[in-house]
Structures are given as structure tokens and as C-alpha cells.
Amino acid sequence: MNVIEARGLRKEFTVRAKAGRFRRTSSVVSAVDGVDLAVERGELLGYLGPNGAGKSTTLKMMTGVLHPTAGDLTVCGYAPVPQRRRLAARIGVVFGQRSGLQWDLPLRDSFTLLRHVHRVPAGEHAAALRRCTDLLDLGSFMDTPVRQLSLGQRMRGELTAALLHSPEVLFLDEPTIGLDVLSKQAVRQFLAELGARGDTTVVLTTHDLADIERLCRRIVVIDHGRVVHDGTLTQLHERYGSQRRVTADFAVPVVPGDVSGLPGVTLESAEAARLVFALDSTAEVGDLIARLVTWGTLRDLSIAEPEIEDVISRLYLSPATSIMS
Ligand SMILES: Nc1ncnc2c1ncn2[C@@H]1O[C@H](COP(=O)(O)OP(=O)(O)O)[C@@H](O)[C@H]1O
Ligand SMILES: [Mg+2]
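In this note's numbering, the protein residues as written are 2 to 326.
Following this line, the structure appears as C-alpha cells:
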């Protein structure tokens, strides 16, 4: 049984703009342009794409916030907008812009309010809250008013708020954006455990590749409102040859030697004492380092994992714009 089913899902926005003093023009933006998607129970799906690709708009339709312009959509068997009330009992939502928490109340009181909203039995609520408190380490700020929380603390609170009624599907729109490193780790760890338990379906939008790598077996990439990849991250890497970047800082300026003998390695830039290399999936970092130390004294070396923006831009540049699995 599919928890989410979308067929030919579309959303158009009419945007009006002033053109001169009296005239107004309107244009139509296809934010979501025919998305087909089936998500099974327990899947942890990464929904990604660059800014403006249509990720948030898709999630807003799935959660009943926006009415689709066209297409079929069911979530937990419901049509999201007409059956929004019923759907709300079965899903949890974390959108960056909107909060499920009460700004002026301590976290604890927000959670109690939500217990009444969703009519969760006290025992169940206590158990769910205890689990979230442990996994997300909420203990130290449970009695702090939400407005005084750091972004990372608030996000951990938002996740708890979205999960206290044990929803079947959890929708998360950019849950790690802007978070400090520790909060990011806490959120990822939490989602990993949630995913491992397998009873909650999670749809996660992000443009952070690390989120996806840690968490999602399946990723769907959209661009300009269309699905351009539906499969694993490995398939995406293999197909679009995403690159790692090695930056080497030498003690003194060096003249780079030849790297043609190192498969998959290209010199991207050489500026005084800093050399930057791009490595595709066939490259051996160890071989490159062994070569570098023969050119001079290395002071620092960093390896950057491919940016999702990078992988995605490759995907868009590629002539075959769609692979499905
Ligand atoms: N309420 C709106 N009115 C007009 N255009 C919108 C509205 N919401 C989103 N858009 C446009 O739809 C496109 C997709 O936006 P969005 O779904 O927010 O993308 P993403 O979440 O992937 O960054 C963008 O071009 C955006 O400008
Ligand atoms: Mg968005």
C-alpha cells in the first residue's frame, strides 16, 4: 500500500507584476509541473533539488496547505485539502517558516497543548515525549520559552511537536538548514532512528547532501517542478560523476607537477601555495597525496565531499535528463 500517491501533480502560481505606471502583467509560474510519485509505508524519502525547484510547493500540496492545480494526490488515502482535518491526525509537519510551537510558552507547555489538540491519551503522550526528550536531548531547555531557544533547540522542539501524536507520515521541509553542527547531528541521528524503526514514513526536503547520505536510501530530485531522478544516491553519483575536491596548502608556493598518471584527478586551480584538485569516483585520494608530498611540504589538506548543488547541476547539464528506477 502506498502512503503517498501523486500522479501528474501540478501547481501553477499566477504572478502579477507592475509593468509601467498603470499596466499590470501577469505570468504563470509552474512550480510543480507533473510529478508522479509513489511512497511506500516506512520509506525515508529524500526530496531534493535547487532553490525554487518546487520542493516546498509539493510538500504544501501533500499536507493540504495548497490546492493542486491539476493531478491526483492522496496521502494516507485522503485527498489532502478536502480531508485536511482527518489528514492532520495522521501526519506530522515541520516547515521552517511555520511553527507548531507556542512562541511565549515553554516547550513543555506547547507539547501539552498539542496533546489536547490531537487528543492523545496521557500515557501515550508521556511515552512519546520521553523518547523524543532522550533522543533529541531536550531536557536542558524543556522549560525555556520557545522564543529564547536557539535555532537548533527550536528545531528539535519542532520535531518533537510533529511526532507526539505518532503520525504515520512525517513531512520535513529543510529540517537542518541553518543549524549548528551539533544540532544537525542530533536531528540526523534522530531521523536515522526513526527510519530504522520503520513504522513512520518520512519525506524530507533538503539541499544538504549529508542529510541524504546519512538517511535516505531513495532520493527523488526535482528541477523546475519535474522529477529528474528517482533512485538511490549511488545511482545518482555513478550517473552524474559527482566530484570530491581536494585542497592542498603547501608551506611555500609550488609548481604543480603532472597528474595525468592519476586516474580521475584533475588540477582545478593553482594559486601560489594552494592547489585544488577535482576527483571523480574513480580517483584514489591516497595516490594523490603520495604525489603531493613529492612536490613540497604540505601544511594542510582538506577533502570536500561533493555538494548536492554540484551533483544536481551536473544532472541538469547532462543530455539524458531522466533516469528512473
Ligand atoms: N505563493 C507563491 N506565489 C508565486 N510563486 C510561488 C509561490 N510559492 C512558490 N512560488 C514559486 O514556485 C517555484 C517553486 O517554489 P518552491 O516550491 O518554494 O521551491 P523550493 O522549495 O524547491 O525552493 C519558485 O519559482 C517560486 O518562486
Ligand atoms: Mg523550499
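Don't be surprised by glycine CBs; every beta carbon is placed ideally from N, CA and C. Keep in mind it's a predicted model, so treat the numbers as computed, not measured.
Does at least one heavy atom of ligand 1 sit under 7 Å from the Cβ of Ser57? yes
Residue range of the beta strand (DSSP E) that Ile213 falls in? It is not in any beta strand (DSSP E) - Ile213 instead sits in the alpha helix (DSSP H) that spans 210-216.
Contact test: Glu175 Cβ vs ligand 2 heavy atom, cutoff 7 Å: yes
Segments assigned beta strand (DSSP E), at least 3 residues, entirely inside the region 145-233: 170-174, 202-207, 219-224, 227-232
How many Å lie between Leu38 and Glu159 at the Cα? 26 Å
Start and end of the alpha helix (DSSP H) containing Phe112? 108-118
Can you list the alpha helix (DSSP H) stretches of 4 or more residues lying completely in the region 231-256, in chain order? 234-241
Closest residue to Asp181 among His68, Leu114, Pro81, Met156 (Cα-Cα distance): Met156
Return the first residue and the last residue of the alpha helix (DSSP H) that Val286 is part of. 286-293
beta-carbon Asn52 near ligand 1 non-hydrogen atom, thresh 7 Å: yes
Can you have a look at Phe142 and say buried or exposed, based on whether 16 or more other CB atoms are within 10 angstroms of its CB? buried
Should Asp224 go down as buried or exposed, given a rule of 16 or more other Cβ atoms within 10 Å for buried? buried
Roughly how many angstroms separate the alpha carbons of Val294 and Gln149, rounded to a whole number? 50 Å
For Asp212, which option in Leu234, Arg227, Arg198 has the closest C-alpha, if you only look at C-alpha atoms? Leu234
With distances taken from CA atoms, which of Ser57, Phe23, Thr26, Arg246 is nearest Thr206? Ser57
Suppose you measure from the CA of Thr15 to the CA of Gly9; what does that come to, to the nearest Å? 19 Å
Can Asp191 and Thr64 be called in contact, C-beta distance under 8 Å? The sequence shown places Phe at residue 191, rather than the Asp named in the question. Cβ distance not < 8 Å, so Phe191 and Thr64 don't count as in contact.
Run through DSSP, which three-state label would Thr267 get? strand
For the region 78-90 and the region 98-107, state whether three or more C-beta atom pairs, one from each stretch, are separated by less than 8 Å. no
Ligand 1 heavy atom lying under 7 Å from the CB of Ala32: yes
Between which residues of its own chain and Val121 is the CB-CB distance below 7 Å, once the five residues before and five after are set aside? Leu165, His166
May I have the straight-line CA-CA distance separating Val277 from Thr267, to the nearest angstrom? 9 Å
Can you tell me which of the three DSSP states Leu60 falls into? helix
Phe96: beta carbon under 7 Å from a heavy atom of ligand 1? no
Rank Val33, Pro83, Pro51, Thr161 by C-alpha distance to the C-alpha of Leu60 and give the top, closest one. Val33
Secondary structure of Ala54, DSSP reduced to three states: coil
By the 10 Å Cβ neighbour count, where 16 or more other Cβ atoms means buried, how is Pro307 classified, buried or exposed? buried
Just to confirm my understanding: we take Pro264, look at its own chain, exclude 5 residues before and 5 after, and list those with CB closer than 7 Å. What are they? Thr283, Ala284
Just checking: is the beta-carbon of Ser243 within a distance shorter than 8 Å of some beta-carbon in chain E? Here chain E cannot be found, since the structure has a single protein chain.
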